[in-house]
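For reference, the structure is listed below as structure tokens.
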Amino acid sequence: MQHLGITSFRELSRTAGVSKWQIKRLRQGYLAQMRLETLLKLSKALQMPVSQLLAMFSSNSISAKTLPQHEESALSAKTLPRNEESALSPNTLPQHEESVLSPNTLPQHEESVLSPNTLPQHEESELVASLRQEYQRLQQQLESQRETLMQEFQLSSLQVLESWLVFWPSAAHAARQNQQLPAVKLLPLMRPIEQLLQQWGIEAIASIDSEIPYDPQQHQLIEGSAQPGKTVRVRNLGYRQGEKLLYRAKVIPITDNN
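The numbering used here puts the first residue of the sequence shown at 2, with every later residue one more than the last.
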């Protein structure tokens with residue numbers, strides 16, 4: 002690790018962006034229980050394939066014998082400050098410091114480092130950042146679920162409104178042509194539904210009695226026959242939502258009789 006400028010496992014923790022607890026698990030050989038993301042970070046920091054990383058740290062703990070001689074000397078307790086000795090192999094530590102590697106034999110003042118209630122400030126900030134990221138992920142997930150539920154609600158509502166969507170415009174058109182019909186008084190009552198459709202981005206295809214070129218993708222013949230592009234008359238409206246076709250407009254071919 003020395004040729005990479007990494008002189009201790011503590012510095013490896015900082016370089017790889019993983020916690021000291023993960024470094025400890027690495028040194029104890031618990032690679033099978035570590036997340037792939039953590040192993041990839043360590044592999045990148047050490048500039049070695051994951052397979053080589055697994056081979057190097059496969060034992061229960063990493064001794065100085067598993068390191069090249071030039072790296073072993075760099076990690077020796079004699080060449081590091083006292084505060085970095087704890088990052089070395091248990092074989093190079095005095096007995097009272099070797100106990101740091103065993104959760105069952107931790108001195109009280111060092112055991113507290115592993116307690117979530119007494120985390121060092123920098124590890125506590127990492128925990129807060131991790132929790133914040135998880136909170137943001139859950140928020141995005143809930144937002145996505147809300148959009149999905151809204152789309153499902155709109156679809157189920159459209160299924161209920163299908164008969165109104167198809168036949169109401171025809172009845173309204175007939176009422177406008179004859180103001181004496183009592184039905185004209187019902188027209189204002191339908192505005193809320195029209196506003197709701199507008200909010201949902203639902204648009205009508207053509208208008209009643211309009212004459213348009215026949216498009217089999219947008220129009221449905223309810224009688225007779227017609228070639229694409231031939232002029233037809235709209236009897237019942239069709240609807241689309243954005244680029245999604247909901248219902249094709251019902252049309253009839255134009256003849257001498259109509």
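Positions of the beta carbon are idealized from the N, C-alpha and C atoms, including for glycine. As the structure is a computational prediction, the values presented were derived from the model and not from experiment.
{"query": "Simplified DSSP assignment, three categories, for Thr-232", "result": "strand"}
{"query": "With 16 other Cβ atoms within 10 Å as the buried cut-off, status of Ile-206", "result": "buried"}
{"query": "Endpoints, beta strand (DSSP E) assigned at Gln-221", "result": "220–222"}
{"query": "Inter-residue spacing [alpha-carbon to alpha-carbon] between Pro-69 and Leu-32", "result": "Confidence at Pro-69 is low in this model, with a pLDDT of 43, below 50, so its placement is unreliable and the value that follows should be read with caution. Their Cα atoms are separated by approximately 21 Å."}
{"query": "Three-state secondary structure assigned by DSSP to Gln-207", "result": "The sequence shown places Ala at residue 207, rather than the Gln named in the question. Three-state result, Ala-207: coil."}
{"query": "Beta-carbon proximity of Ile-223 to Arg-236, cut-off 8 Å", "result": "yes"}
{"query": "Inter-residue spacing [alpha-carbon to alpha-carbon] between Lys-231 and Gln-221", "result": "13 Å"}
{"query": "Interface flag, Gln-140 vs chain D, CB-CB below 8 Å", "result": "Of the chains in the structure shown, none is chain D; there is only one protein chain."}
{"query": "Reference Ser-158, options Gln-180, Leu-198 and Gln-48, closest by Cα", "result": "Leu-198"}
{"query": "Thr-8 versus Arg-15: straight-line alpha-carbon distance, rounded", "result": "12 Å"}
{"query": "Three-state class that DSSP yields for Val-19 in the structure shown", "result": "coil"}
{"query": "Cβ pair Glu-1, Tyr-240 closer than 8 Å", "result": "With the chain represented from 2 up to 259, any question about residue 1 goes unanswered, as that position is not in the structure."}
{"query": "Span of the beta strand (DSSP E) around Ala-250", "result": "250–254"}
{"query": "Beta bridge counterpart(s) of Gln-152 as assigned by DSSP", "result": "Paired residues: none, contrary to the question."}
{"query": "CB contact flag (Gln-155, Trp-201, <8 Å)", "result": "yes"}
{"query": "8 Å Cβ shell around Pro-217 - same chain, five flanking residues per side excluded", "result": "Pro-229"}
{"query": "Beta-carbon contacts of Gln-23 that lie in its chain and below 6 Å, excluding the five residues immediately before and after", "result": "Thr-39"}
{"query": "Residue of Leu-182, Ala-250, Arg-192 and Arg-138 minimising C-alpha distance to Asp-210", "result": "Ala-250"}
{"query": "Where Pro-217 sits in the DSSP three-state scheme", "result": "coil"}
{"query": "Local Cβ density within 10 Å of Val-129, reported as buried at 16 or more and exposed below that", "result": "exposed"}
{"query": "Three-state secondary structure assigned by DSSP to Glu-212", "result": "strand"}
{"query": "Residues near Pro-50 in its chain [Cβ-Cβ closer than 8 Å; skip 5 each side]", "result": "Ser-44"}
{"query": "Local conformation of Leu-197 per DSSP, three classes", "result": "helix"}
{"query": "Ala-56 vs Leu-13 beta-carbon contact at 8 Å", "result": "no"}
{"query": "Nearest-angstrom Cβ-Cβ length linking Ala-173 and Leu-188, presumed shorter than 8 Å", "result": "6 Å"}
{"query": "Local conformation of Tyr-136 per DSSP, three classes", "result": "helix"}
{"query": "Limits of the unbroken alpha helix (DSSP H) element including Gln-301", "result": "The chain is shown only over 2 to 259; residue 301 falls outside these bounds and no answer can be derived."}
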